[in-house]
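Top line first, the protein sequences correspond to chains F and W. Position 201 of the first sequence, counting from 1, maps to 201 under my numbering, and the rest follow consecutively. Position 91 of the second sequence, counting from 1, maps to 91 under my numbering, and the rest follow consecutively. What follows is one structure encoded as structure tokens, with my remarks underneath.
Number of protein chains: 2
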Amino acid sequence: MNDIRPIRATSGTNQEGASAHNRRVMIDALRLNGALSRADLARATQLTKQAVSNIIDELERDGFVVPLEAVRKGRGQPSTPYRLLPEGAFAIGLQIDRHLTRAVAVDLVGTVLVRSEANLPPDDPSGGVRVILGLIEGIRAKLSRISAQSEKRLVGLGVAMPGPFGLEEFGDNKWMMPAWQKFPLLETLAAGTGLEVGLQNDAAACATAERMVGAAHGVDHAVCLYVGYGIGAGLILNGELYRGGNGNAGEIGMALLSPRGADGTVLEHRASLASLYQHLELDPSDAGLYERVDALAMARDPELLAWVNAAAQDLRWSVHLIETVFDPQTVILTSGAPEALARLILQAMHPLLQSIAARPDRTLPRLQLGITDPWSIALGAASEPISRAFDPRFSAILKSRAIAG
Amino acid sequence: MNDIRPIRATSGTNQEGASAHNRRVMIDALRLNGALSRADLARATQLTKQAVSNIIDELERDGFVVPLEAVRKGRGQPSTPYRLLPEGAFAIGLQIDRHLTRAVAVDLVGTVLVRSEANLPPDDPSGGVRVILGLIEGIRAKLSRISAQSEKRLVGLGVAMPGPFGLEEFGDNKWMMPAWQKFPLLETLAAGTGLEVGLQNDAAACATAERMVGAAHGVDHAVCLYVGYGIGAGLILNGELYRGGNGNAGEIGMALLSPRGADGTVLEHRASLASLYQHLELDPSDAGLYERVDALAMARDPELLAWVNAAAQDLRWSVHLIETVFDPQTVILTSGAPEALARLILQAMHPLLQSIAARPDRTLPRLQLGITDPWSIALGAASEPISRAFDPRFSAILKSRAIAG
DNA sequence: AGTAATAAGTCAAGTCAGTTGACTTAATAA
DNA sequence: TTATTAAGTCAACTGACTTGACTTATTACT
């Protein structure tokens, strides 16, 4: 009878929470609108001029915003727009892939300041962690040469790696770096760097990058279709990355292509770079792979085009499915592949299948190309701590959350 | 140059917003945990005892909570648990279907107090609205006989009808009540009732009902697979119904069953009651349809079982897809069909396909049967205004939102 | 029994972020 | 030159949560 099950409840809030929320709202508004005066901010956030003034004073004092030249626009006192100060905060992003790891440092507005990469022993996590920690150490050293404040203003470390996470054993291990899955990576990195660590899968990181500086900037409902070694979807729902119950939302690589297909063919077998490499008989661990694929794409290699056309068929279906299931404002195609290949894929996907997304009142394209920079996953990884610290959607109101800034 | 594009920003907040949030947090905690003392609430919400005490005093004065008998449990002063007072708020829910409309009144805890239904002229919206307004009038009259306060405490009208919404013309009109799609239904109902009106598709309403009083109660990531005349998924993501960019998220009936299937067969053609009626050569407008199908299911009619087995194959695939894409904690099967048929379908869907949902640490079943009451859609419709008014996730913090209670 | 320990809940003063309304400043329009 | 308009500040006010001491009611221990 005396069950001690925990009480479930949302946190309450107080003035501090409200204040933290309002600070984030200001920063978010400046991020979305470029530069705004105090009066603009007051109107946009529905706060009073006075409240905004106080908050902006504080943000300026804390080095998050700076005033620009006053602008005269018609009658009345000229307004002084404020913009974000990029060096107000920094974060480090880490992409861990099968054969390679990349680390970047970004600032408050999502500009990549430092980047470096290293090879990774595929089946030796503890050796790998040493490599990674060295990489991060180097990034931090370079960053502190750019800004003396950088260490103080480092808000966290974001990690992106292929999912899914937390499954004991599932599917075809070749795709998944089994040794890494079991290793307590986040704890080790947190201990080794002294930073707060967040984890996303690679498609989610792509979506986070698109939201910070790409096609999903200011878009509240967008899905990022990421064609990497595997294939996944990064979900921006209600302006926030959706992770699902166990952090594995969007892992569409495992989607079965047909209810009747007894063979169990999944999307990843057809539309992923792994399948391309297999089709072209390329070695995935080859260091010059990227350039080789780029060259084939530029030359419109017939074998590559054959794969593109086959994959495009499945990708078209994926877009249709995504539109049907999520009803996003736009779908963004991103890829770990060279831009030339991504463009071929995008072309081959048109015309898109008819779907509920073909509305008369569209403003955004149904499908568009996202960031094609191979560093975008690391950028997305780095964007996550920035969002966590400064995005009002991350519920700064709730009590007992660290309040950034 | 002088572009007057609107400034995009989240609303700020103030003490009032914080207070509104905290009141909702209390109500939500009581809804989830049954009854809690002030001390319990303080611990669960991270507010101080004093703050909770003040809020509870106010909620009691306003008729939202009542104290129970003090309970002695070990040392210390006995605690006085509080529970929600069901008659603290009411809402009306409306299900509009092809041949039929149902209306219910529910209270704060989601109990259906009054229900009634009427036939609807399928292609005459203005005539239909008269029927609906009459139905709502009757519901309100009966409700005010149950509680004298009911009119004052009516928080809104929720409407559920088959989607998708807002498309000029799409697909097979037979499924969609075209005349209704164009009619300004919500405005007309708002004007005719004086209530705030919300809209959901029927699968979303099912999910809302499950969240309020069913299998998704207290579950933050759940997908409700609704097999009705069509088929759809209601999405509870982060504890909240997800609607998508245009309110059409979860309309999986249009999902193409295979990338290569040039015939364009969609899920709805195979796994929906419409397909069952076609298979059995039943007339969908027949008034005794429900009983007839119930009888066939109870008798395990071979023709019906044949359809069940075929549909189950597609539904199994749908569950796999939902698990892959959303990573929910559980999938809930609901249906407009009689419980006997729903149980046959559920049985036939087992064993489920292997997926990322087959985790070692599961606590909830991968697939479970939801509310089988045919009134559940109307209940879900009615639950929406209640959630909007009392759920802390509906961002009561933001300024310029009506604060319920 | 009598006392200590424990926990629920209240009292009353304090705090602080946002509000209010009048005011100042600086520009353009008439 | 003056009226108008808009940005931004000043200073007093408000109110929801916090703080820390206190009261109340029960069980556990000696």
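C-beta: ideal position from N, C-alpha, C; glycine also.
Going by beta carbons, Thr101(F) and Gly127(F) fall outside the 9 Å limit.
Residue-level contact check: Gly214(F) does not touch chain W, since none of the beta carbons of chain W fall below 9 Å from its beta carbon. DSSP, read as helix, strand or coil, puts Met161(F) in strand.
Residue burial is scored here from C-beta neighbours: Asp28(W) has at least 16 other C-beta atoms within 10 angstroms and is therefore classed as buried. For the pair Pro259(F) and Leu241(F), the Cα-to-Cα distance works out to about 29 Å. Within the stretch 73–116 of chain W, the complete beta strand (DSSP E) segments of 3 residues or longer fall at 82–84, 90–96 and 100–107, listed in chain order. Using a Cβ-Cβ cut-off of 9 Å, Val325(F) counts as an interface residue toward chain W, since at least one Cβ of chain W sits closer than that to its own. In the DSSP assignment, the residues bridged to Val227(F) are Ile231(F) and Ser335(F). The count of Cβ pairs closer than 8 Å, one atom from the stretch 380–395 of chain W and one from the stretch 92–106 of chain W, reaches three, so the stretches are in contact.
Straight-line measurement puts the Cα of Gly12(F) at about 18 Å from the Cα of Glu60(W). Per DSSP, the beta-bridge partners of Gly198(F) are Gly158(F). For Arg359(F), the nearest CB of chain W lies under 9 Å from its own CB, placing it at the interface with that chain. In the DSSP assignment, Leu305(W) falls within the unbroken alpha helix (DSSP H) covering Pro302 to Phe326. Look at Thr193(W) here: in three-state DSSP terms it is helix. Pairing Leu346(F) with Leu367(F) gives a Cβ-Cβ distance under 9 Å.
Exclusion of the five residues before and after Arg38(W) leaves Lys49, Val52, Ser53 and Ile56 as the residues of its chain whose Cβ lies within less than 7 Å of its Cβ. Using a CB distance cut-off of 9 Å, Ile356(W) counts as an interface residue toward chain F. Using a Cβ distance threshold of 9 Å, Thr372(W) and Ala348(W) do not count as a contacting pair.
Nearest CB-CB separation between Val25(W) and chain F: below the 9 Å threshold.
The residue from Gln149(F), Gly110(F), Leu108(F) and Gly93(F) with its alpha-carbon nearest to that of Ile136(F) is Gly93(F). A buried status is given to Glu87(W), since no fewer than 16 other beta-carbon atoms sit within 10 Å of its beta-carbon. Residue state for Pro385(W) is assigned as helix, using DSSP reduced to three classes. Contact annotation: Leu41(W) and Leu32(W) have beta-carbon atoms that are not nearer than 9 Å.
The C-alpha of Val266(W) lies about 39 Å from the C-alpha of Pro392(F). Cβ-Cβ distances below 6 Å link Val219(F) to Gln329 in the same chain, with the five nearest sequence neighbours on each side left out; the list follows chain order. The stretch 14–82 of chain F is shown to contain whole alpha helix (DSSP H) runs of 4 or more residues at 15–33, 38–45 and 49–61, in chain order. The Cβ of Ala233(W) sits closer than 9 Å to at least one Cβ of chain F. With respect to the 9 Å criterion, Leu289(F) and Asp283(F) are classified as neighbours on the basis of their beta carbons.
When the beta-carbon positions are compared, Ala271(F) and Gly234(F) stay at least 9 Å from each other. Chain F has a Cβ within less than 9 Å of the Cβ of Ser11(W). With a threshold of 9 Å between beta carbons, Thr334(W) makes no contact with chain F. When 8 Å is used as the limit between beta carbons, His21(W) is near these residues of chain F: Gly12, Thr13 and Ile397, in chain order. Only buried fits Gly232(F), as 16 or more other CB atoms lie within 10 angstroms of its CB. Secondary structure at Val129(W): helix, using DSSP grouped into helix, strand and coil. Listed along chain W, the residues sitting closer than 7 Å to Trp317(F) by beta-carbon distance are Leu256 and Pro259. Going by DSSP, Gln278(F) is part of the alpha helix (DSSP H) stretching over Leu273 to Leu280.
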